[in-house]
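Numbering (the working numbering), first residue to last: 89 to 333.
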Ligand SMILES: Cc1cc2nc3c(=O)[nH]c(=O)nc-3n(C[C@H](O)[C@H](O)[C@H](O)COP(=O)(O)OP(=O)(O)OC[C@H]3O[C@@H](n4cnc5c(N)ncnc54)[C@H](O)[C@@H]3O)c2cc1C
């Protein structure tokens, strides 16, 4: 297992060549993209990278993607990319890209939205849609040696079928008494949004959180943040990341 190495600005702002080594569907709309890249040796769970695509005519497009994997010494990292209607970059990754294709990455970015075991907990994580990706990385990191740190994930997603890594999360919740999963499916027949009851139940499982990480749309992050503060959690322990929209 590799531990995160210090990140200097020179590393952060340089573009690195990366090769796609595996592509796999995660949900009907989300694709796992595993890339071999030097950056894989120097990130913390929760951070993101900028990805740059260059067309044959020189046209370039650049977007940010959270890293889904935890550092594991494999020389690779995993992104999970949701296909958006008419999405320029997400459409390429989810419909056109092939193993062996090359892109460029720079980063890792987002030092304050990151977690490693020695940072401690308890951990309260809240994800909306693909906003769960950096939180999955944190849970994967925790599973590498810090399972004694209580953790709960409140996850809002349209349907169970669209929930990213649901089998992995449910397996973790079943075998790890210190981790609980609180799923809110907004568009299933019995669906609901995250509410005070769900947040209170997550907090009952973790105890007062030392770290709170929230990621998703602006709307999700604002709603989750309000609910958590209303339960008495100090705003100062909350870190947020917004994917936009
Ligand atoms: C820090 C950070 C981390 C991110 N991590 C991830 C990740 O792990 N997985 C992931 O799938 N995405 C992630 N995103 C979003 C990603 O950067 C792109 O915005 C997204 O893939 C759309 O790019 P595109 O080129 O496909 O779409 P575009 O061609 O730019 O836009 C296509 C259409 O989608 C709409 N749109 C653009 N962005 C969003 C959005 N975020 N949500 C809803 N609608 C949108 C546009 O308004 C437009 O109608 C992250 C964003 C940030 C800022």
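Even glycine gets a Cβ: it sits at the ideal position worked out from N, Cα and C.
Answer yes or no: the CB of residue i versus the heavy atoms of ligand 1, is any distance below 7 angstroms?
{"i": "residue 151", "result": "yes"}
{"i": "residue 237", "result": "no"}
{"i": "residue 224", "result": "no"}
{"i": "residue 332", "result": "yes"}
{"i": "residue 270", "result": "no"}
{"i": "residue 173", "result": "yes"}
{"i": "residue 167", "result": "yes"}
{"i": "residue 179", "result": "yes"}
{"i": "residue 218", "result": "yes"}
{"i": "residue 221", "result": "yes"}
{"i": "residue 154", "result": "yes"}
Would you mind giving the Cβ-Cβ distance between residue i and residue j, rounded to the nearest angstrom? I have them listed as a contact below 8 angstroms.
{"i": "residue 192", "j": "residue 106", "result": "7 angstroms"}
{"i": "residue 211", "j": "residue 177", "result": "Going by Cβ atoms, the distance from residue 211 to residue 177 rounds to 30 angstroms, so no, they are not a contact pair."}
{"i": "residue 155", "j": "residue 196", "result": "7 angstroms"}
{"i": "residue 214", "j": "residue 245", "result": "The pair is not a contact, with the Cβ atoms about 12 angstroms apart (cut-off 8 angstroms)."}
{"i": "residue 292", "j": "residue 309", "result": "Wrong, their Cβ atoms sit about 22 angstroms apart, outside the cutoff."}
{"i": "residue 138", "j": "residue 148", "result": "Actually they do not touch by this definition, with Cβ atoms about 11 angstroms apart."}
{"i": "residue 115", "j": "residue 318", "result": "So it is not a contact: roughly 31 angstroms between Cβ atoms."}
{"i": "residue 218", "j": "residue 170", "result": "4 angstroms"}
{"i": "residue 315", "j": "residue 284", "result": "6 angstroms"}
Closest Cβ-Cβ distance between residue i and chain B: below 8 angstroms?
{"i": "residue 242", "result": "The chain inventory of the structure shown lacks chain B, comprising one protein chain alone."}
Spatial neighbours of residue i within its chain, please: CB distance less than 8 angstroms, with the 5 preceding and 5 following residues excluded, ordered by chain position.
{"i": "residue 350", "result": "The structure shown does not extend to residue 350, since the chain spans only 89 to 333, so no value can be given for it."}
{"i": "residue 266", "result": "235, 236, 237, 238, 239"}
{"i": "residue 327", "result": "200, 201, 299, 300, 301, 302"}
{"i": "residue 332", "result": "305, 306"}
{"i": "residue 281", "result": "244, 272, 274, 311"}
{"i": "residue 186", "result": "108, 111"}
State yes or no: is the C-beta of residue i within less than 8 angstroms of the C-beta of residue j?
{"i": "residue 181", "j": "residue 119", "result": "yes"}
{"i": "residue 153", "j": "residue 167", "result": "yes"}
{"i": "residue 261", "j": "residue 268", "result": "yes"}
{"i": "residue 252", "j": "residue 224", "result": "yes"}
{"i": "residue 183", "j": "residue 128", "result": "no"}
Go to residue i, then tell me how far its beta strand (DSSP E) extends in each direction, as first and last residue.
{"i": "residue 112", "result": "104-113"}
{"i": "residue 196", "result": "190-197"}
{"i": "residue 268", "result": "267-273"}
{"i": "residue 178", "result": "First-last for residue 178: 176-183, but that is the alpha helix (DSSP H), not the beta strand (DSSP E)."}
{"i": "residue 332", "result": "326-332"}
{"i": "residue 137", "result": "136-142"}
{"i": "residue 153", "result": "148-154"}
{"i": "residue 132", "result": "Careful: residue 132 lies outside any beta strand (DSSP E) and carries neither H nor E."}
{"i": "residue 157", "result": "Counting along the chain, residue 157 falls outside any beta strand (DSSP E), and DSSP gives it neither H nor E."}
{"i": "residue 164", "result": "164-170"}
{"i": "residue 338", "result": "Here the chain comprises residues numbered 89 to 333, so residue 338 is not present and cannot be evaluated."}
{"i": "residue 122", "result": "118-124"}
Using C-beta distances below 6 angstroms, list every residue in its chain close to residue i, excluding the 5 sequence neighbours before and after it, in chain order.
{"i": "residue 110", "result": "122"}
{"i": "residue 198", "result": "135, 136"}
{"i": "residue 294", "result": "210, 212, 238, 240"}
Which stretch, first to last residue, makes up the alpha helix (DSSP H) that contains residue i?
{"i": "residue 314", "result": "306-318"}
{"i": "residue 215", "result": "Run containing residue 215: none in the alpha helix (DSSP H); it sits in the beta strand (DSSP E), 211-216."}
{"i": "residue 258", "result": "254-263"}
{"i": "residue 227", "result": "221-231"}
{"i": "residue 293", "result": "284-294"}
Given residue i, which residues of its chain have a CB within under 7 angstroms of its CB, disregarding the five upstream and five downstream residues?
{"i": "residue 204", "result": "92, 132, 133, 229"}
{"i": "residue 233", "result": "205"}
{"i": "residue 208", "result": "237, 298"}
{"i": "residue 174", "result": "none"}
{"i": "residue 98", "result": "Low per-residue confidence applies at residue 98: pLDDT is 49, beneath 50, and the placement is therefore not dependable enough to give any value."}
{"i": "residue 279", "result": "273"}
{"i": "residue 157", "result": "165, 166, 225, 228"}
{"i": "residue 257", "result": "241, 269"}
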